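Undergrad:
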Amino acid sequence: MKRAISEMFRGCFALAFVFATLLTLGGCATTGTAEGDDPLEPLNRTMYAIHQPLENYVARPVVEVYEVIVPGIGRAIINNFFRNIDDLFSGISGLLQGKFDKAGHDFGRVIINTGFGLGGLIDFASDAEIPRGGEDLGLLLAHWGVGPRPYLFVPLLGPMTARDGVGMAARFYASPVDLALGNNNVALRNTLWGLGTVDLMATGVYASDLLGDIGLDSYTFIRGAYLQRRAYLSGETKFGRLELDEDYDDGYSVPPPSETSQDKQERREP
Amino acid sequence: MNKRFFLAITVPLIAVWTAFPLAAQTVEAPDAQIKRVADEVLAIVRSDAKVQAGDPARVREVLDEKLLPHFDFRRMVMLAMGRNWRQATPEQQNALVEQFRTLLVRTYSGALAQFRDDTINVRPLRAAADAKDVTVYSEVIKPGTTPISVNYSLVLSSDGKWRCYDVIVGGVSLVTNYRDEFNQQIKIGGVEGLLKTLAAKNKGATP
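Those protein sequence lines, which keep their order, are chains A and B. Here our numbering is used: the first residue of the first sequence is 1, the next is one more, and so on. Here our numbering is used: the first residue of the second sequence is 1001, the next is one more, and so on.
#1: Per DSSP, which one or two residues make a beta bridge with Asn1121 (chain B)?
#2: Among B:Gln1087, B:Val1105, B:Ala1080, B:Ala1095, which one has its Cα closest to the Cα of Lys1066 (chain B)?
#3: Verify the CB distance criterion: does Val1172 (chain B) have a CB-CB separation below 8 angstroms to chain A?
#4: Cα-Cα, which of A:Gln97, A:Ala125, A:Leu121, A:Ala202 is closest to Phe107 (chain A)?
#5: Could you tell me which chain A residues have their CB closer than 7 angstroms to the CB of Gln1185 (chain B), listed as they occur along the chain?
#6: To which residues does DSSP link Tyr1152 (chain B) through a beta bridge?
#7: Along the chain, where does the beta strand (DSSP E) containing Pro176 (chain A) start, and where does it finish?
#8: Taking contact to mean at least 3 C-beta pairs separated by less than 8 angstroms, is the region 39 to 52 of chain A in contact with the region 151 to 171 of chain A?
#9: For Leu233 (chain A), go through chain B and note every residue whose CB falls closer than 7 angstroms to its CB, in chain order.
#10: Using a Cβ cut-off of 8 angstroms (strictly closer), state whether Leu1068 (chain B) contacts chain A.
#11: So, with DSSP's three-state summary, where would you put Ser234 (chain A)?
#12: Output, in chain order, the set of chain A residues within a Cβ distance shorter than 7 angstroms of Asn1177 (chain B).
#13: Out of curiosity, what's the CA-to-CA distance linking Ala128 (chain A) and Asp1118 (chain B)?
#14: Can you give the beta carbon distance from Ser1153 (chain B) to Glu1139 (chain B), rounded, assuming they're within the 8 angstroms contact cut?
#15: For Asp1048 (chain B), I'd like the list of residues in its chain whose CB is within less than 8 angstroms of its CB, leaving aside the five on either flank, ordered along the chain.
#16: If you draw a straight line from the C-alpha of Ile1034 (chain B) to the C-alpha of Ile1186 (chain B), how long is it?
#17: Between B:Leu1198, B:Asn1121, B:Ala1200, B:Lys1142, which lies nearest to Asp1031 (chain B) when the distance is taken from Cα to Cα?
#18: Let me know if Leu118 (chain A) comes out buried or exposed under the rule of 16 or more other beta-carbons within 10 Å of its beta-carbon.
#19: Among the residues of its own chain, which have a CB less than 7 angstroms from the CB of Leu1156 (chain B), if the five just before and after it don't count?
#20: Just the C-alpha distance for Gly158 (chain A) and Ala1128 (chain B), rounded to the nearest angstrom, thanks.
#21: Once DSSP output is grouped into helix, strand and coil, what is the label at Ser218 (chain A)?
#22: Which whole-angstrom value is the C-beta distance of Leu54 (chain A) and Ser93 (chain A), which I expect to be below 8 angstroms?
#23: What residues in its chain sit with their C-beta under 8 angstroms from that of Cys28 (chain A), if we drop five residues either side in the sequence?
#24: Compute the distance between the beta-carbons of Leu43 (chain A) and Ile77 (chain A), then report whether it is under 8 angstroms.
#25: Look at Ala1029 (chain B) and Leu1125 (chain B) and say whether their C-beta atoms are less than 8 angstroms apart.
#26: Helix, strand or coil for Trp144 (chain A)? Go by DSSP, reduced to three states.
#27: Which of the three DSSP states, helix, strand or coil, is assigned to Pro1090 (chain B)?
#28: For Trp1162 (chain B), which residues does DSSP report across the bridge?
#29: Who are Leu152 (chain A)'s beta bridge partners in DSSP?
#30: State the Cα-Cα distance for the pair Asp1039 (chain B) and Asn79 (chain A), rounded to the nearest angstrom.
#31: Please tell me whether Thr1107 (chain B) has its Cβ less than 8 angstroms away from any Cβ of chain A.
#32: Might you give, ordered along the chain, the residues of its own chain that have their beta carbon closer than 7 angstroms to the beta carbon of Asp178 (chain A), omitting 5 neighbours on each side?
#33: Assess, as a yes-or-no matter, whether the region 1160 to 1174 of chain B is touched by the region 1065 to 1079 of chain B under the definition of 3 or more beta carbon pairs within less than 8 angstroms.
#34: Short check: CB of Val1037 (chain B) to CB of Val1045 (chain B), under 8 angstroms?
#35: Apart from the five residues just before and just after Ala103 (chain A), which ones in its own chain have a Cβ nearer than 7 angstroms to its Cβ?
#36: Anyone know if the C-beta pair for Asp87 (chain A) and Val110 (chain A) falls short of 8 angstroms?
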C-alpha cells in the first residue's frame, strides 16, 4: 500500500514533468504583463479551486498531525535533510551558470552538513554562516534561455512556471536518496519519500498562512508574487523604481529609473 | 565705502550659503530614517506586552503613531492604478487611498508581533545629494533563516519629509503586485468596482 502511494506520487511527478516539458517547448519568451504569462488562466483557476480544499482538508490536517507526532527539533532535522539535497542541486545549478562563489558555498555546505552533520540532519554550515546559494534547476534553465511561460498552478504543489516545474521534476527524479537506495531498501526509500512530501506540504501550508488574506483575489496575488520573485531570482526583471505616467502632475519629480550597481549587487545575494 | 559695501553684500550672502546646507541637513536622510523608524517599532514590539498579545487597539495605535506617517499611500495607489488613476474622480481617488491604507493596515497589523526577534540591517544610501526619489536597501534577519532583502522606495514630499511608496521584499514589489489586482478589478467593474471590492474586503474580515 505504501509502495503504491509512493508509486502514485512518482507517477504524478512524471505526468507533471511531461506536461511541463511540452508547455515549455511550446511557450515563447515574449515579455508582457502577468496576464500574458498566464494563458492557461481558466485551467489554472480550476486547479486553484481544487487546491484550496485539498490544502485545507488534506495538507493542513496532515501537517497538524505531523506537528503533534514529531517535535520541533525532529521537524527541523527532517527539513535540514531535504534542504541539504536542495543545496546540492543549488551548487550544481550555480556551477553550470558560472556562479562559482555561490556554488562554492553550496558545495561547502553540503560537504560540512553531510560529513559532520550526520548526512545532512544537522545544519552546521548555517551556524558557520555559510550562505545558501538559493539556486535551483529552474533558475539554471532560465540562465540557459528557456522562457518561463506558461504559469501553472498545481494543486498542493502551488504556483510554478512550466520551467520551474521541469526543474522541480528533474530534482525529484535525480534525488541522491533514490539513486543511492535504488530498490535495495524500498521501506527506507518510501519513508523518505513520505517525509519529504510532508515536509513539502508543511512548507506550502506555512507559506499560505504567511500570505494570509492579503490580496483582493488570492489567485492573482499569488501569481503576481510568485512571478515577480522568480523573475527577480533569475535576473529577468530590471526591478527598478515604479514610474508614474509621464503626464501626472503629482508635485513630485521622478528621475528616470535606471539599474544601479546596488540592484545588481542585491540580486547576486538574494 | 567700497569695502564696506562689499562686506555688506558678501557677509549676508555667505551667511545664506552656509545656512542652506545646514537647513538641508536637518532633513533626516532616508536611510537613517528607515533605521530609526524600524528600531523604534521593533523596540516597542519587543517590550510591549499588549503588542505581543496582538491587542488590535494598541497595535493600531503604534502603527498610527510610528509607522504610517512615513508612508505615501496616495502615491502607492497612483502607481498601482497606472493610467486608470486619472479616470477616477477626486472623490473616488480619496476614497481609494483611504481604503487601500485600511487594507494594508488591516493585513499587516496582525503580523507585527511576528517581527519580535528580527533585526534590520540598513545599508548606507548611495544616491545623489539632490535626489528626490531613492531606494534604501536593507536586510531583515530572522534568527535561523536566510536573511531576506527588503528595499524601500522613498520620495521626498513637498513638506520636506521622505515617505515610502513601495516595499520590495525579496524582489517582490508590493505595489507591482497590487497593480495586477487593481487592473483586474477595474477591467471587471471600473473604478467604482475596484472601490467596492476594496471596501467589501475591508469590511468583511476581522481587523
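Every residue, glycine too, gets a C-beta built ideally from N, C-alpha and C. As the structure is a prediction and not an experimental result, all values here were calculated from the model.
TA: This is what the structure holds:
#1: B:Glu1139
#2: B:Val1105
#3: yes
#4: A:Ala125
#5: Leu216
#6: B:Val1136, B:Val1167
#7: Here Pro176 (chain A) belongs to no beta strand (DSSP E); instead the alpha helix (DSSP H) covers 176 to 181.
#8: yes
#9: Gly1171
#10: no
#11: coil
#12: Phe221, Gly224, Ala225, Gln228
#13: 19 angstroms
#14: The Cβ separation is near 16 angstroms, so there is no contact.
#15: Arg1058, Val1062
#16: 33 angstroms
#17: B:Asn1121
#18: exposed
#19: Lys1132, Trp1162
#20: 42 angstroms
#21: helix
#22: So it is not a contact: roughly 30 angstroms between Cβ atoms.
#23: The pLDDT assigned to Cys28 (chain A) is 37, lower than 50, so where the model puts this residue is not dependable; a value taken from the coordinates is nonetheless given after this. Here the set comprises Gly147, Arg149.
#24: no
#25: yes
#26: coil
#27: helix
#28: B:Leu1156
#29: A:Met160
#30: 32 angstroms
#31: yes
#32: Arg189
#33: yes
#34: no
#35: Gly91, Gly94, Leu95, Gly133
#36: yes
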